[in-house]
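Trainee: The opening residue of the sequence shown carries number 1442 in this note's numbering; numbering runs sequentially from there.
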Amino acid sequence: MEKQPLRKFGVMLLVVLLAVLSGCSSKQDEWQQMLQEASSRADRAVSNLEKQISNGGIRNTRLLSRYADVVRKQKPEMGEIVDALAEDATLKGPILKGLKSRLETARQDAKSAPAQGQAAVENTWNELNRITSAAAPDVYGMMLTDPINVLADMSDGRLARVSAMSKEASALANQSGDQGVGGQLVGNPNYGHWQQDSSGNSFWAWYGQYALLSSLFRGPVSYGGWAGRRDYSYYNDYGRDAYTSPSQRREQNTVRQQTEKKFKREGKTFRSPYAKTRTGGASGIKKPVIRNNRSFKSASKKSSGSFKSPYKSSSKSSTLSSSRSSSYRTSRSFGGGK
1442 MEKQPLRKFG VMLLVVLLAV LSGCSSKQDE WQQMLQEASS RADRAVSNLE
1492 KQISNGGIRN TRLLSRYADV VRKQKPEMGE IVDALAEDAT LKGPILKGLK
1542 SRLETARQDA KSAPAQGQAA VENTWNELNR ITSAAAPDVY GMMLTDPINV
1592 LADMSDGRLA RVSAMSKEAS ALANQSGDQG VGGQLVGNPN YGHWQQDSSG
1642 NSFWAWYGQY ALLSSLFRGP VSYGGWAGRR DYSYYNDYGR DAYTSPSQRR
1692 EQNTVRQQTE KKFKREGKTF RSPYAKTRTG GASGIKKPVI RNNRSFKSAS
1742 KKSSGSFKSP YKSSSKSSTL SSSRSSSYRT SRSFGGGK
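#1: Which stretch, first to last residue, makes up the alpha helix (DSSP H) that contains Ala1554?
#2: Going by Cα to Cα distance, which pick from Ile1589, Gly1669, Gly1621 is closest to Leu1653?
#3: If you draw a straight line from the C-alpha of Ala1530 to the C-alpha of Thr1586, how long is it?
#4: How big is the Cα-Cα spacing for Glu1478 and Asn1496?
#5: From Val1662, Arg1671, Tyr1648, pick the residue whose C-alpha is nearest to that of Ala1525; which is it?
#6: Indicate whether Gln1493 and Pro1555 have their beta-carbon atoms separated by less than 8 Å.
#7: Going by the CB atoms, is the gap between Gly1722 and Tyr1679 shorter than 8 Å?
#8: Which stretch, first to last residue, makes up the alpha helix (DSSP H) that contains Gln1637?
#9: So, does the CB of Thr1546 fall closer than 8 Å to a CB anywhere in chain C?
#10: Buried or exposed: which applies to Asn1694, given that a residue is buried once 16 or more other Cβ atoms fall within 10 Å of its Cβ?
#11: Quick one: what's Trp1645 bridged to in DSSP?
#12: Could you tell me which whole alpha helix (DSSP H) segments of length 4 or greater appear in the segment 1494-1540?
#13: Rounded to the nearest angstrom, what separates Arg1697 and Arg1690 at their Cα positions?
#14: Only counting the same chain, and skipping five residues up and downstream in sequence, which positions put a Cβ closer than 8 Å to that of Glu1521?
#15: Enumerate in chain order the residues of its own chain whose CB-to-CB distance from Gln1699 is below 8 Å, with the five nearest sequence positions on each side excluded.
#16: Taking 6 Å as the limit between beta carbons, can you name the residues of its chain near Gly1534, skipping five residues before and five after?
#17: Have a look at Asp1470, Lys1709, Met1584 and flag the residue whose alpha-carbon is nearest the alpha-carbon of Leu1504.
#18: Can you check whether the CB of Val1662 is closer than 8 Å to the CB of Arg1599?
#19: List the whole-angstrom C-beta distance separating Val1523 from Leu1592, where the pair is believed to meet the contact cut-off of C-beta under 8 Å.
#20: Would a C-beta distance cut-off of 8 Å place Phe1704 and Gly1660 closer than the cut-off?
#21: Return the CA-CA distance between Gly1618 and Glu1518, expressed in angstroms with no decimal places.
#22: According to DSSP, is Ser1574 helix, strand or coil?
#23: Could you give the C-beta distance for Asn1677 and Arg1671, rounded to a whole number, given that I count them as a contact under 8 Å?
#24: For Ser1663, which residues does DSSP report across the bridge?
#25: Going by the DSSP bridge assignment, what does Phe1658 pair with across the sheet?
#26: I'd like the list of long-range same chain contacts for Ser1755, defined as Cβ closer than 7 Å, with 5 residues on each side in sequence excluded.
#27: So for Ala1605, helix, strand or coil by DSSP?
#28: Could you have a look at Lys1749 and say whether DSSP puts it in helix, strand or coil?
#29: Taking the alpha-carbon positions, what's the Arg1543 to Gly1558 distance?
#30: Entirely within the segment 1675-1736 and at least 4 residues each: give me those alpha helix (DSSP H) ranges in chain order.
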């Protein structure tokens, strides 16, 4: 007679265990579905961006090429750096390459994230949505205003800046230091990176094809000096969240934290380069729109409601918790198009 209660207890324990396993499997499947949908959106967005670039459907890709032609003729000795900047008007540009590399990494992460848990799922979901936002043709076009405006500054006034104040007006509005031509690209990981010297100071180092820009600067650009007195750029003021990979973001945070600690030890005041948005972008400037944590919760609920588990579990899926203006000089010499 004693065996019967034990048998019943064993059956109940098995039922509970199966229910728990069913709930876990169901949740992982729901997360997998969410990530597959986000991955598909990002893939379509990047593919569409490639088509738009190839077909000349983005106005600022055409404008970048035209500005490059003007400066190349005006300053043939700067041909190498002009050619490098003009690559962003093509499929070989570092911005597009960066998006494609991030998409490939995020795709791989999407396969393993559900088994790693909620935090991994949310991080991957956020990255895929940043990529989707960054691949919007109009937003990509705004990212090109930085290299376009570098070429404008290289032209010594012959070409006007695009969707931005003149160099003089911007420097006055932001009380920024004049670092020379090319300052819009400092801090942008598509063109260079911060490098620490033996004293613990970080300086901007250009990638090889952009090395000539250093000759247009008034000297090495230190992170501490740049952080407090940087001027406006689309990447640093609007595009950084969408156009920065998770690993690049960690590197940026590390440099900021190291510099802040060094300043504190030396009794200096440190100002984060991203503490406030700089004045300089044209009114109505196009900004990346990224799905936030609230959107993530909504997507999780929607997925949970529409997903049918292969196990008839009654357990409910839990929702996931989270993580200007002055006078502008814009180019009108090359009109037309989108």
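Backbone N, C-alpha and C define an ideal beta-carbon position, used for all residues, glycine too.
Source: prediction; values computed, not measured.
Mentor: Put simply:
#1: Within the sequence shown, residue 1554 is the residue found at index 113, counting from 1. Ala1554 -> alpha helix (DSSP H) spans 1535-1557.
#2: As a working mapping, residue 1653 is identified with position 212 in the sequence shown. Checked all of Ile1589, Gly1669, Gly1621; the closest Cα to Leu1653 is Gly1621.
#3: Position 89 of the sequence shown, counted from the start, is the residue given in the question as residue 1530. Position 145 of the sequence shown, counted from the start, is the residue given in the question as residue 1586. A straight-line Cα-Cα distance of about 11 Å links Ala1530 and Thr1586.
#4: What you label residue 1478 is simply residue 37 of the sequence shown in a count that begins at 1. What you label residue 1496 is simply residue 55 of the sequence shown in a count that begins at 1. Near 27 Å, if we compare the C-alpha coordinates of Asn1496 and Glu1478.
#5: Here the question's residue 1525 lines up with position 84 in the sequence shown. Looking at the Cα atoms, Tyr1648 is the closest of the given residues.
#6: In the sequence shown, residue 1493 corresponds to position 52, counting from 1. In the sequence shown, residue 1555 corresponds to position 114, counting from 1. Judged by beta-carbon spacing, Pro1555 lies beyond the 8 Å limit of Gln1493, meaning their Cβ atoms are not closer than that value.
#7: Numbered from its first residue, the sequence shown carries residue 1679 at position 238. Numbered from its first residue, the sequence shown carries residue 1722 at position 281. Yes; because the gap between Cβ atoms is below 8 Å, this pair is in contact.
#8: One-based indexing of the sequence shown puts residue 1637 at position 196. From DSSP, Gln1637 is part of no alpha helix (DSSP H) but of the beta strand (DSSP E) over 1633-1637.
#9: Checking the listed chains, one finds no chain C in this structure; it contains a single protein chain.
#10: The residue given as residue 1694 occupies position 253 in the sequence shown. Asn1694 should be labelled exposed.
#11: The sequence position of residue 1645 within the sequence shown is 204, counting from 1. Per DSSP, Trp1635.
#12: For the segment 1494-1540, whole alpha helix (DSSP H) runs of length 4 or above, ordered along the chain, are 1500-1515, 1520-1527.
#13: On the sequence shown, residue 1697 is found 256 positions in, with the first residue counted as 1. On the sequence shown, residue 1690 is found 249 positions in, with the first residue counted as 1. So the alpha carbons of these two residues sit roughly 11 Å apart.
#14: Start at 1 with the first residue of the sequence shown, and residue 1521 comes out as number 80. Gln1650, Leu1653, listed in sequence order.
#15: Against the sequence shown, residue 1699 aligns to sequence position 258. Counting only Cβ-Cβ distances below 8 Å, and skipping sequence neighbours, we find Gln1637, Gly1641, Ser1643.
#16: Sequence index remark: in the sequence shown, residue 1534 carries index 93 (1-based). Cβ contact annotation for Gly1534 (same chain, cutoff 6 Å, sequence separation greater than five): Glu1528, in chain order.
#17: As a working mapping, residue 1504 is identified with position 63 in the sequence shown. Looking at the Cα atoms, Met1584 is the closest of the given residues.
#18: As a first step, residue 1599 is located in the sequence shown; it is residue number 158 there, counting from the start. As a first step, residue 1662 is located in the sequence shown; it is residue number 221 there, counting from the start. No, they are not a contact pair.
#19: Taking the first residue of the sequence shown as 1, we reach residue 1523 at position 82. Taking the first residue of the sequence shown as 1, we reach residue 1592 at position 151. In this structure Val1523 is in contact with Leu1592, their Cβ atoms being roughly 7 Å apart against a cut-off of 8 Å.
#20: Position 263 of the sequence shown holds residue 1704. Position 219 of the sequence shown holds residue 1660. No, the pair does not count as a contact, with Cβ atoms beyond the cut-off.
#21: As a position in the sequence shown, residue 1618 is number 177, starting the count at 1. As a position in the sequence shown, residue 1518 is number 77, starting the count at 1. Their Cα atoms are separated by approximately 26 Å.
#22: As a first step, residue 1574 is located in the sequence shown; it is residue number 133 there, counting from the start. In the structure shown, Ser1574 sits in a helix (DSSP, three-state: H, G or I).
#23: For the purposes of this step, residue 1677 is taken as residue 236 along the sequence shown, with counting starting at 1. For the purposes of this step, residue 1671 is taken as residue 230 along the sequence shown, with counting starting at 1. Sure, about 7 Å apart at Cβ, within 8 Å.
#24: The residue labelled residue 1663 in the question sits at position 222 within the sequence shown. Beta-bridge pairing links Ser1663 to Phe1644.
#25: On the sequence shown, residue 1658 is found 217 positions in, with the first residue counted as 1. Paired residue(s): Gly1621.
#26: Taking the first residue of the sequence shown as 1, we reach residue 1755 at position 314. For Ser1755, the predicted structure reports a pLDDT of 38, less than 50, and the residue's modelled location is therefore unreliable. A value from the coordinates is still provided. Nothing listed; no residue qualifies.
#27: In the sequence shown, counting from the first residue as 1, residue 1605 sits at position 164. Of the three classes helix, strand and coil, the one that applies to Ala1605 here is strand, per DSSP.
#28: Translated into the one-based positions of the sequence shown, residue 1749 becomes position 308. Note that Lys1749 has pLDDT 43, beneath the 50 cutoff, so the model's placement of it is unreliable and the number below is only indicative. The three-state secondary structure of Lys1749, taken from DSSP, is coil.
#29: The residue given as residue 1543 occupies position 102 in the sequence shown. The residue given as residue 1558 occupies position 117 in the sequence shown. In a straight line, the C-alpha of Arg1543 is about 21 Å away from that of Gly1558.
#30: As summarised for the segment 1675-1736, the continuous alpha helix (DSSP H) elements at least 4 residues long and confined to that stretch are 1687-1706, given in chain order.
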